[in-house]
Every structure is written in C-alpha cells, then in structure tokens.
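Read through the structure below, which is laid out as structure tokens, and then see the notes.
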Amino acid sequence: MEVSLLENWIVLEGLDGSGTTTQSERICHWLDELEVPVIPTCEPTGGPIGRLIRSFLRKEAVTTPLAIAGLYAADRDDHLHNPQTGLALHHKDSLIISDRYFYSSLAYQSVQVPFETVSMMNRYPHPRYLIYIDTPVEICLARMKKRGAAQELFEYKEYLEEVTSFYERAFSELPEEVKFLRVDGSMEIEDIFLHIKEFMQREPGIRAFFSTSTP
Numbered sequence: 001m002e003v004s005l006l007e008n009w010i011v012l013e014g015l016d017g018s019g020t021t022t023q024s025e026r027i028c029h030w031l032d033e034l035e036v037p038v039i040p041t042c043e044p045t046g047g048p049i050g051r052l053i054r055s056f057l058r059k060e061a062v063t064t065p066l067a068i069a070g071l072y073a074a075d076r077d078d079h080l081h082n083p084q085t086g087l088a089l090h091h092k093d094s095l096i097i098s099d100r101y102f103y104s105s106l107a108y109q110s111v112q113v114p115f116e117t118v119s120m121m122n123r124y125p126h127p128r129y130l131i132y133i134d135t136p137v138e139i140c141l142a143r144m145k146k147r148g149a150a151q152e153l154f155e156y157k158e159y160l161e162e163v164t165s166f167y168e169r170a171f172s173e174l175p176e177e178v179k180f181l182r183v184d185g186s187m188e189i190e191d192i193f194l195h196i197k198e199f200m201q202r203e204p205g206i207r208a209f210f211s212t213s214t215p
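Heads up: the sequence shown begins at 1 in UniProt numbering, then just goes up one per residue.
Dropping the structure here:
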C-alpha cells in the first residue's frame with residue numbers, strides 16, 4: 001500500500017519540556033546559515049483555530065476533550081490545506097521544520113479520547129522525517145519549573161506519563177517510509193542538536209536542499 005508523505009517536512013515531537021521548540025529554532029538557524037530554504041512552523045498554529053486551542057489550554061474557557069481533539073484536527077487541516085497559506089500546497093521548494101504535528105494529538109488527546117477516535121480525526125500525510133526527543137517526565141517537569149512557565153492543562157506528571165505511552169503506540173505504527181530518529185532528551189541541548197544535525201546530514205532528501213556542501 002502506497003503511503004502519502006510530506007517529502008520536505010521534518011517534524012519534532014516530545015513531551016512539554018523536552019526541548020522541541022529549542023531544537024526547531026537551532027535547526028532553522030543552522031539551515032539559514034547554510035542558505036538552505038527553510039520555513040519554521042508549529043502546532044497549534046498561530047491561526048484563528050490555533051489561538052482558540054491555546055485559550056482552552058490556558059483554561060480561559062472550558063469544553064470537552066472530544067471538542068479539543070476536533071479543534072486540533074481542524075487547525076491541522078488549515079495548517080496543511082488553507083488555500084492561501086497551507087504548507088502542504090505551497091513552499092514545496094523549502095524544508096518545513098514543524099514543532100509538533102498529528103503525533104502530538106495521538107499522544108495527548110488519547111489520554112481522554114479513544115486512540116482510535118483521535119487517529120480517525122488525523123488521517124493526514126506522515127512527514128518523511130520524524131525526530132522524537134525522548135525525555136523522562138521528571139526532567140521535563142524540572143525544566144518547566146526552572147523556566148517559570150505558566151502551568152497549562154497538560155503539565156503534570158501522571159498525565160505526561162500516559163502521554164509517553166501513547167507516543168510509543170503511535171510510533172509503533174509508523175510506516176517504514178518515515179525516517180525516524182529517537183534522541184535521548186536527557187542530554188545537553190548542544191548534544192541533542194548534534195545528533196539531529198548528523199541525522200539530517202545523512203539523509204539524501206534533506207541534503208538535496210543544501211545550496212553548499214554541509215560542513
């Protein structure tokens with residue numbers, strides 16, 4: 001069976017506090033220095049549906065877990081297929097670095113909504129490249145406390161332990177066409193980045209975007 005892939009997408013996944021945003025920013029900075037065309041993005045997006053999701057996460061309003069799962073799926077569809085801004089329709093000549101994708105929905109929403117239901121909502125193409133920053137829950141919580149981030153709905157220990165188990169389920173079902181990298185998130189930030197960089201340098205599909213030889 002042929003698998004639909006987003007060929008120029010590199011997705012980073014991990015628990016809150018694992019460092020997906022930090023590593024996404026480092027990757028984009030590195031690619032910019034190499035003059036590689038790159039577009040950073042994230043989910044939830046900054047669009048109207050994404051902003052609504054963030055308001056629920058900050059507990060500014062209340063709704064059902066199923067409604068939240070549906071909003072994530074709707075935001076994702078807009079992210080990919082919006083006629084004006086959809087990244088699956090435009091910018092195919094650039095590398096897309098996405099801080100989270102539908103794997104986050106499979107992991108987070110499945111704690112309160114059946115995994116199969118969330119999966120049905122998110123039948124979107126897989127990225128060609130998927131990087132999982134595998135970080136112990138205790139380390140993630142310590143990092144969040146250190147940075148003084150406002151607590152959101154998802155940021156507590158038992159919840160994140162369940163999220164980890166659903167991440168593993170999602171990854172166990174990855175098609176073999178997806179290039180998957182698991183990185184030890186307990187390492188120093190620079191060491192994590194070096195592992196990611198080495199992975200990217202090995203992949204011909206990524207190197208094809210390089211305008212100069214990678215150092």
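For glycine and all other residues, C-beta sits at the position ideal for the given N, C-alpha and C.
- Here T21 has C42 and D99 as same chain residues with Cβ atoms under 8 Å from its own Cβ, once five neighbours each way along the sequence are excluded.
- The three-state reading of DSSP puts Y167 in helix, counting H, G and I together.
- Annotation: the continuous beta strand (DSSP E) that includes L6 extends over L5 to E13.
- CA-to-CA, the gap between R54 and E198 works out to about 34 Å.
- For K179, there is no enclosing alpha helix (DSSP H); the enclosing beta strand (DSSP E) covers residues K179 to D184.
- Taking 8 Å as the cut-off, the beta carbon of L130 is found closer than this to the beta carbon of E13.
- The straight-line gap separating the alpha-carbon atoms of K145 and F115 is approximately 29 Å.
- For L95, no alpha helix (DSSP H) run applies; the uninterrupted beta strand (DSSP E) run containing it begins and ends at L95 to D99, by DSSP.
- Per DSSP, Y103 is one residue of the alpha helix (DSSP H) stretching across F102 to Y108.
- L89 and V38 do not touch by the CB rule: their CB atoms are close to 18 Å apart, not below 8 Å.
- DSSP places H79 within a helical segment (H, G or I) once states are collapsed to three.
- Sequence-distant partners of E162 (beyond 5 residues in either direction) whose C-beta falls short of 7 Å from its own C-beta, in its chain, are V111.
- Note that the C-beta distance between Y72 and Q109 is below 8 Å.
- The beta carbon of R26 sits closer than 7 Å to those of F193, all from its chain and outside the five residues before and after it, given in chain order.
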